[in-house]
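Asker: In order, the protein sequence lines correspond to chains A and B.
The numbering of the first sequence is the numbering used here, which starts it at 1 and goes up by one.
The numbering of the second sequence is the numbering used here, which starts it at 1001 and goes up by one.
Glycine included, C-beta positions come from ideal geometry on N, C-alpha and C.
Quick caveat, the model's predicted, so the values are computed rather than measured.
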Amino acid sequence: METMLLKGNEALAEGAVRGGCRFYAGYPITPQSEILEYMSWRQNEVGGSFIQGESEIASVNMVFAATALGARALTSSSGPGFSLKQEGIAYWVSAGMPAVVACVSRYGIGDGFIGPGQDNYWQAVKGGGNGDYHLLVLAPNSVQENMDMAYESFELAEKYMHPVLILSDATIGQMLEPCTAPPMKEYDKDKAPWALKGTPIGQKNKVITDMTYNQDIDEWNRDYIRKMRLIMETEQRWEEISVPDADVVFVAYGISSRIAEGAVRLGRERGLKLGLIRPITLWPFPRKAFARLSDSVKGLVTVELNMMGQMREDVILASHWRCPAYSVTTAQRIPEVEQLVCFAESVLNGSAVEEEVF
Amino acid sequence: MAKSAPSIMKCENMFCAGCGHSLFDRLLGEVLTEMDIVGESISCSDIGCNHMYQYSMAVDTVVPPHGKMGAAMAAMKKVRPDKYIFSIAGDGGAYAIGLGETLSAATRNDNVTFFVMNNTVYAMTGGQMAPTTMPGQYSSSSIKGRTAEEHGRTFDVVKLMQNLEIAYLARCTVTNAAEMAKTKRCIKKALEKQRDGKGFSLVEVLVPCPTNWGLTPPEAMRHIENDLVPYLPLGEYIDR
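Below is the structure:
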């Protein structure tokens, strides 16, 4: 184990490399360009390949093809660039390719801004492209987790032959924190069971394609939905802070969860029983965490860098309306700890209002 | 063309009667077999009529989204530089939706090979106008005939690529035995350029589409000779 001081984006890139990533393709976009820049020299050092694609669309399809030939391959983007990749990612899902994409979220609709945002939650966890799918979505909240999640992402994707999305954000991507780097994993692309390597005459050739062509579609559907249910059952991950006796429980991921954690501490100092559920997987959403909640909880409060409280819907589904669900939405601004404590107080004294925005 | 189909062709093809794709696939299958590189080849399919080669030709294949072969092949060659990487593409995929990716692969001089079947229409979706649709040609989205004024000029890959620093650029057709023999030589040459590390090669093949042209197979062949070839001359344009 070695300790490094890295930006979140660099940690994500290094974690991927140590996890066996030997192909990267991407296109510059703020605030994720450090991943691309880091990979441009780092892949050379480890004998991998780097292509600066002519667009996000080209890059996502480069990763599809590299994965099809057996490489552990990564692409990354943000905002509108991540939108451009959605068609390609849907093909990964359809073909069952264990590729990995990182989105360093920025705020805004369309071009938007370059600062942090959590307003592409729906796009990230509800599919994003056409067809019935969710990606396996990991939500790091520190530089260390950027590294660790990138490190494990390929094995997780290969376990289910399903793509993984690392949903980071501009704050985590740009901030410097010390982190501990795990050892380099050995990975042999020739041993990947799906890998195309060329098939001599007389042997059965392989085709990596859209689901509908080479297999009975009903059979494919059955296997696919079984896989999705297995992921939902097996991979829910979350962290709990002071939840068992909490009257108000924040629900937050990514950079918002760091602020919410501070609010729990400050609230407890003031005698308020606050807690935090931090989803680590956004899909599958950690429903199990909500099934165990005490009946004494007076309110669940999502903290989100968006306007519509997108994750609140998933909290309502997970908690079955057992208690009121609120959102503190701060759009392009990172919330203040004090603001969250005040909101929790308003939940406790009955003045907070559940607001629907759709 | 050889007397019997090469063993890489595993079954009857699925193309319409008189379609030119099947003739090209057969010629490519013969070249791959004769060069003994079937096991060293990984193909990249477009999406469209052309992609049906994967049912009758036993070669490892990746099928990226429509038109994205230029990007996909760049990655394939990086991951497995010792393999022959080629695409059987359509004119809509390579020259319209995928033109950016095709041209980027060419300007980088990626060491990969494009075989582009140009039948001047979007065939699989029912014969709509493509960038390659000829002046005056009727299609299901140019029902009074294409005009430069209304629809823009017709695409010509030779005009686009002839000044690029690529290894090989040729246009050929499959209208008779002599032309098929020339096409086979172009296929082989393109793959040899890749073997020798010379870079990007593209062979455009003018192929008939009797179904969407509303012609009989013999009429479709004559249409290529009389109406396409004068406008899109055959030959080798880059060979370095």
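DSSP on residue 4(A), reduced to helix/strand/coil?
Answerer: strand
Asker: Using a Cβ-Cβ cut-off of 9 Å, state whether residue 1196(B) counts as contacting chain A.
Answerer: Contacts with chain A at 9 Å (Cβ-Cβ) do not include residue 1196(B).
Asker: Can you find the residues in the same chain that come closer than 6 Å, C-beta to C-beta, to residue 21(A), ignoring five residues on each side of it along the sequence?
Answerer: 72, 74
Asker: Give me the Cβ distance between residue 239(A) and residue 278(A), rounded to the nearest whole Å; I'm assuming they're in contact under 8 Å.
Answerer: 4 Å
Asker: Can you confirm whether the stretch 45–60 of chain A touches the stretch 1066–1081 of chain B when touching is taken to mean that 3 or more C-beta pairs between the two stretches lie within less than 8 Å?
Answerer: yes
Asker: How far does the alpha helix (DSSP H) with residue 421(A) in it reach, from first residue to last?
Answerer: For residue 421(A) there is no data in the structure shown, the boundaries of chain A being 1 and 358.
Asker: Identify whether residue 321(A) lies in helix, strand or coil by the three-state DSSP scheme.
Answerer: coil
Asker: Taking C-beta pairs closer than 8 Å, name the residues in chain B that residue 23(A) reaches, listed in chain order.
Answerer: 1075, 1078, 1079
Asker: Name the chain A residues whose beta carbon is nearer than 8 Å to that of residue 1040(B)?
Answerer: 198
Asker: Over the uninterrupted beta strand (DSSP E) stretch that includes residue 1117(B), give me the two end residues.
Answerer: 1113–1118
Asker: Which value, in whole angstroms, describes the spacing of the CA atoms of residue 188(A) and residue 306(A)?
Answerer: Rounded to the nearest angstrom, the two C-alpha atoms are 42 Å apart.
Asker: So residue 12(A) packs on residue 157(A), CB below 8 Å; how close in whole Å?
Answerer: About 15 Å separates the two Cβ atoms, so there is no contact after all.
Asker: Scan the stretch 1097–1112 of chain B for residues whose Cβ lies nearer than 8 Å to a Cβ of chain A and list them as they occur along the chain.
Answerer: 1100, 1101, 1104
Asker: Residues in its own chain within less than 7 Å of residue 81(A) by CB, not counting five upstream and five downstream?
Answerer: 27, 29, 56
Asker: Which residues in the same chain have their Cβ closer than 8 Å to the Cβ of residue 1052(B), if we skip the five residues on either side of it in sequence?
Answerer: 1013, 1014, 1015, 1021
Asker: What three-state label does DSSP hand residue 1214(B) in the structure shown?
Answerer: coil
Asker: If you follow the alpha helix (DSSP H) that residue 1200(B) is part of, which residue opens it and which one closes it?
Answerer: Element bounds for residue 1200(B): n/a, residue is neither H nor E.
Asker: For residue 319(A), I'd like the list of residues in its chain whose CB is within less than 8 Å of its CB, leaving aside the five on either flank, ordered along the chain.
Answerer: 290, 293, 300, 325
Asker: If we define contact as Cβ-Cβ less than 9 Å, is residue 1008(B) a contact residue for chain A?
Answerer: Under the Cβ criterion of 9 Å, residue 1008(B) is counted among the residues facing chain A.
Asker: Identify the contact partners of residue 1046(B) in chain A, using a Cβ-Cβ distance below 9 Å as the criterion.
Answerer: The premise fails here: residue 1046(B) is roughly 12 Å from chain A at the closest Cβ pair, so nothing lies under 9 Å.
Asker: So residue 61(A) contacts chain B; which residues on that side make the cut at Cβ distance below 7 Å?
Answerer: Listed by position along chain B, the residues whose Cβ is nearer than 7 Å to that of residue 61(A) are 1064, 1065, 1068, 1071, 1072.
Asker: Once you ignore the five residues that flank residue 10(A) on each side, which residues in its own chain have a CB closer than 7 Å to its CB?
Answerer: 34, 38
Asker: The alpha helix (DSSP H) that contains residue 266(A), what's its start and end?
Answerer: Counted as a single uninterrupted DSSP element, the alpha helix (DSSP H) harbouring residue 266(A) occupies residues 254–269.
Asker: Could you compute how far the alpha carbon of residue 1031(B) sits from the alpha carbon of residue 89(A)?
Answerer: 35 Å
Asker: Taking residue 55(A) as the query, report the chain B residues whose CB atoms sit under 9 Å from its CB, ordered along the chain.
Answerer: 1071, 1100, 1101, 1104
Asker: Specify whether the stretch 1110–1118 of chain B and the stretch 1080–1096 of chain B touch according to this definition: at least 3 beta carbon pairs, one from each stretch, less than 8 Å apart.
Answerer: yes
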